[in-house]
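For the protein sequence lines, the chains are S and W, in the order given. Position 76 of the first sequence, counting from 1, maps to 222 under the numbering used here, and the rest follow consecutively. Position 272 of the second sequence, counting from 1, maps to 345 under the numbering used here, and the rest follow consecutively. Ideal Cβ positions, reconstructed from N, Cα and C, are used throughout, including at glycine. For reference, the structure discussed in these notes is given below.
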Amino acid sequence: MKKTITLLVNGSPRTLAVTHTATLLDVLRDDLGLTGTKYGCGHGDCGACTILLDGRAVPSCLVLAVRADGHTVETIEGMARGGKLHPLQKAFVEEGAVQCGYCTPGMIMSARALLEQNPHPSEEEIRRGLAGNLCRCTGYEKIVRAVQAAAEEMAGTGVGSKPAVDRAGSTGAAKATGAGEATAPEAAGTEHVLVLHPEDNVGVATSRLAVGTAVKGVSVREEVPVGHKVALRDIPAGTYVVKYGVPIGRARANIAAGSWVHDHNVLDISEEVMVRPGEFSGAPAGGEV
Amino acid sequence: MTDFTVWEPATPEQALALLGAWKGQARPLAGGTDLLVQMKQGKVRYSHLVSLQGWAGWDEITVGPDGFRMGALARISDLEYHAGLKEHFPFLAGAAGELGSRQVRNLATLGGNLCNAAPSAETAPSLLTLDAVVTVVGPAGEREVPLEAFFTGPGGTVLGADELVRGVYARAPRAPWYGVYYKLSPRRAMDIAVVNVAVVLVLDTGKEKVEEARIALGAVAPTPLRVRGAEDMLAGKAVTADLVERVASACVAAARPITDVRAPAEYRRAMVRELVGRGLRECWRALREEGGDGA
Numbered sequence: 147m148k149k150t151i152t153l154l155v156n157g158s159p160r161t162l163a164v165t166h167t168a169t170l171l172d173v174l175r176d177d178l179g180l181t182g183t184k185y186g187c188g189h190g191d192c193g194a195c196t197i198l199l200d201g202r203a204v205p206s207c208l209v210l211a212v213r214a215d216g217h218t219v220e221t222i223e224g225m226a227r228g229g230k231l232h233p234l235q236k237a238f239v240e241e242g243a244v245q246c247g248y249c250t251p252g253m254i255m256s257a258r259a260l261l262e263q264n265p266h267p268s269e270e271e272i273r274r275g276l277a278g279n280l281c282r283c284t285g286y287e288k289i290v291r292a293v294q295a296a297a298e299e300m301a302g303t304g305v306g307s308k309p310a311v312d313r314a315g316s317t318g319a320a321k322a323t324g325a326g327e328a329t330a331p332e333a334a335g336t337e338h339v340l341v342l343h344p345e346d347n348v349g350v351a352t353s354r355l356a357v358g359t360a361v362k363g364v365s366v367r368e369e370v371p372v373g374h375k376v377a378l379r380d381i382p383a384g385t386y387v388v389k390y391g392v393p394i395g396r397a398r399a400n401i402a403a404g405s406w407v408h409d410h411n412v413l414d415i416s417e418e419v420m421v422r423p424g425e426f427s428g429a430p431a432g433g434e435v
Numbered sequence: 074m075t076d077f078t079v080w081e082p083a084t085p086e087q088a089l090a091l092l093g094a095w096k097g098q099a100r101p102l103a104g105g106t107d108l109l110v111q112m113k114q115g116k117v118r119y120s121h122l123v124s125l126q127g128w129a130g131w132d133e134i135t136v137g138p139d140g141f142r143m144g145a146l147a148r149i150s151d152l153e154y155h156a157g158l159k160e161h162f163p164f165l166a167g168a169a170g171e172l173g174s175r176q177v178r179n180l181a182t183l184g185g186n187l188c189n190a191a192p193s194a195e196t197a198p199s200l201l202t203l204d205a206v207v208t209v210v211g212p213a214g215e216r217e218v219p220l221e222a223f224f225t226g227p228g229g230t231v232l233g234a235d236e237l238v239r240g241v242y243a244r245a246p247r248a249p250w251y252g253v254y255y256k257l258s259p260r261r262a263m264d265i266a267v268v269n270v271a272v273v274l275v276l277d278t279g280k281e282k283v284e285e286a287r288i289a290l291g292a293v294a295p296t297p298l299r300v301r302g303a304e305d306m307l308a309g310k311a312v313t314a315d316l317v318e319r320v321a322s323a324c325v326a327a328a329r330p331i332t333d334v335r336a337p338a339e340y341r342r343a344m345v346r347e348l349v350g351r352g353l354r355e356c357w358r359a360l361r362e363e364g365g366d367g368a
């Protein structure tokens, strides 16, 4: 039994058919490709699946998607704006509060809810406020420090600009935006971005893009005539697909040169994506991946 | 989870009709923080879930110094942060704040906490010491059930398969009164009580002696319960160390704890003794300190 629902996800209306038994977590990850939110326990205990539903931090594994119809959902992918990390994401990276990254998206969403309710929390209040988010790596110390640092910045009481030290390693920002796969710190891989231009030209980025780089304006090496969306070369599975500067999916499987690039082989190419030229929500995968 | 259909009735009447139609195969779904977990674990199975959501007035909380009325769909986090509840009944707002985690509290409801009927239900001891009354709606109309008579056993209530809890109300005891709630659990958060206890003392106006005592225990019997025999021992008396010891012993005798993964029964009995003692001393001290008045 399926129901068509509309969710306002990170500011974009998404309409899709879901089964009655699907949780919001299932739908976010599997149907909308927003894999930043993690499945930890499925029972509402660990907090890895924390998202904001109508502004309230909730365990998305315990929300049936059909009941979220018409409601507002905010996930980790919506935290960064215009390629700029949210102060919490920045603080998590700078304070080294990200190790494997699995708890990070849920932890950041909870921290955001905490700071929205209490902009000047004491250390005890931070720990209590994050009590629903488990971390097996960090021991929580740096997470608490990150929340304190972010609180100061958000309240405008930060002690001037700190050097942009990334203590979370090369993959920290990716984990803090929900883009990176939670993994051991040395994640490898070249990020190729497949760019669909407004004229439906297709190309491949000329060079590796660092996470967080705005994709608009990236030079495209090879183009195809208007109207054709054909891969010019083999596109490995996992390659980000970007349309109008907004990431809208990843190649589901290898796309051989000469194949069409369309919704059969790209996860979630969707016409419902609200396109906002000039705004880029971070990543290649700060947006909808 | 096995397959089920989610019904989203626009009104309580429609919900009741659905529950009646699918009797036994349908379950009301409020926050889902217990029900969905149990379904995922395969502990229960329902082919139909009746979503209780979006009904005007069902999540309202009205509080004054003389009492309160709360809708069944009031979220536990709403109780936790309600200014009026924190001011006039802080040991109930505080109890709500002990439930699960922040995220769970944002979904969980008062009605759900009571209908799930865990012996350790977080809101039960405080509500029991306030002689709370549950309002129930069903095909025959509305009825009232004192909370003390609401629970029938672990996971069991007097609610019929085609009934819903509408809300809970209670009147404050006569001033001066004070109440405390303690939850004992291995973890500081995200845990189920090994023992939870609420104690209310009502003193005479001179604050020389107890007029009325109310003691509720949780997690140490098939249901949360009041310990009337122990309470009666305090009537007309001043709280002394000796009396506290005797009252605590009476509570231990009334408790029927089990040994489970969380704790052995002997530990639970020992903790009943300790927490009841602390509760009595804390209420007595708070009321007799300068400025101590209602809880």
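Just how far apart, CA to CA, sit residue i and residue j?
| i | j | result |
| --- | --- | --- |
| Q98/W | A286/W | 42 Å |
| L125/W | G309/W | 46 Å |
| E284/W | S174/W | 37 Å |
| G252/S | E347/W | 38 Å |
| A336/W | A343/W | 11 Å |
| C356/W | M255/S | 39 Å |
| C249/S | G324/S | 10 Å |
| L178/S | A205/W | 45 Å |
| L210/S | N189/W | 19 Å |
| H266/S | A297/S | 6 Å |
| E271/S | R319/W | 38 Å |
| L91/W | V123/W | 7 Å |
| R358/W | V300/W | 22 Å |
| S120/W | A181/W | 22 Å |
| N156/S | R227/S | 11 Å |
| V253/W | T161/S | 48 Å |
| S258/W | T150/S | 43 Å |
| A307/W | R247/W | The sequence as given places Leu at residue 307/W; Ala does not occur at that position. Going by the C-alpha atoms only, they are around 16 Å apart. |
Are there 16 or more other CB atoms within 10 angstroms of the CB of residue i, so buried, or fewer, so exposed?
| i | result |
| --- | --- |
| M147/S | exposed |
| V210/W | buried |
| S268/S | exposed |
| G170/W | buried |
| R244/W | exposed |
| T225/W | exposed |
For residue i, name the three-state secondary structure that DSSP assigns.
| i | result |
| --- | --- |
| Y248/S | coil |
| M344/W | helix |
| V210/W | strand |
| E215/W | strand |
| V293/W | coil |
| W128/W | coil |
| T75/W | coil |
| W95/W | coil |
| L162/S | strand |
| Y254/W | strand |
| E304/W | helix |
| H266/S | coil |
| T202/W | helix |
| H161/W | helix |
| I151/S | strand |
| V209/S | coil |
| K321/S | helix |
| A243/W | strand |
| K230/S | strand |
Give the C-beta separation of residue i and residue j to the nearest angstrom, bearing in mind that I take them to be a contact with Cβ-Cβ under 8 Å.
| i | j | result |
| --- | --- | --- |
| L172/W | A289/W | Not confirmed; about 16 Å, so no contact. |
| D191/S | M263/W | 6 Å |
| G291/W | P227/W | With 8 Å as the limit, G291/W and P227/W do not qualify as a contact, their Cβ atoms being about 12 Å apart. |
| A72/W | V345/W | Missing from the structure shown is residue 72/W; chain W here goes from 74 to 368 and no further. |
| V241/W | V207/W | 5 Å |
| V312/W | R354/W | 7 Å |
| G188/S | K116/W | The pair is not a contact, with the Cβ atoms about 14 Å apart (cut-off 8 Å). |
| V79/W | R213/S | 7 Å |
How about residue i and residue j: are their beta carbons less than 9 Å apart?
| i | j | result |
| --- | --- | --- |
| G184/W | V238/W | yes |
| G278/S | Q176/W | yes |
| A432/W | A321/W | Summary: the structure shown does not reach residue 432/W, with chain W confined to residues 74 through 368, and so no result is reported for it. |
| V204/S | N179/W | yes |
| I289/S | A257/S | yes |
| V219/S | I197/S | yes |
| D76/W | H166/S | yes |
| K280/W | A266/W | no |
| L171/S | C207/S | yes |
Would the C-beta of residue i count as close to the ligand GTP, meaning under 8 Å from any of its heavy atoms?
| i | result |
| --- | --- |
| V283/W | Among the components modelled here there is no ligand, and therefore nothing to report on the ligand GTP. |
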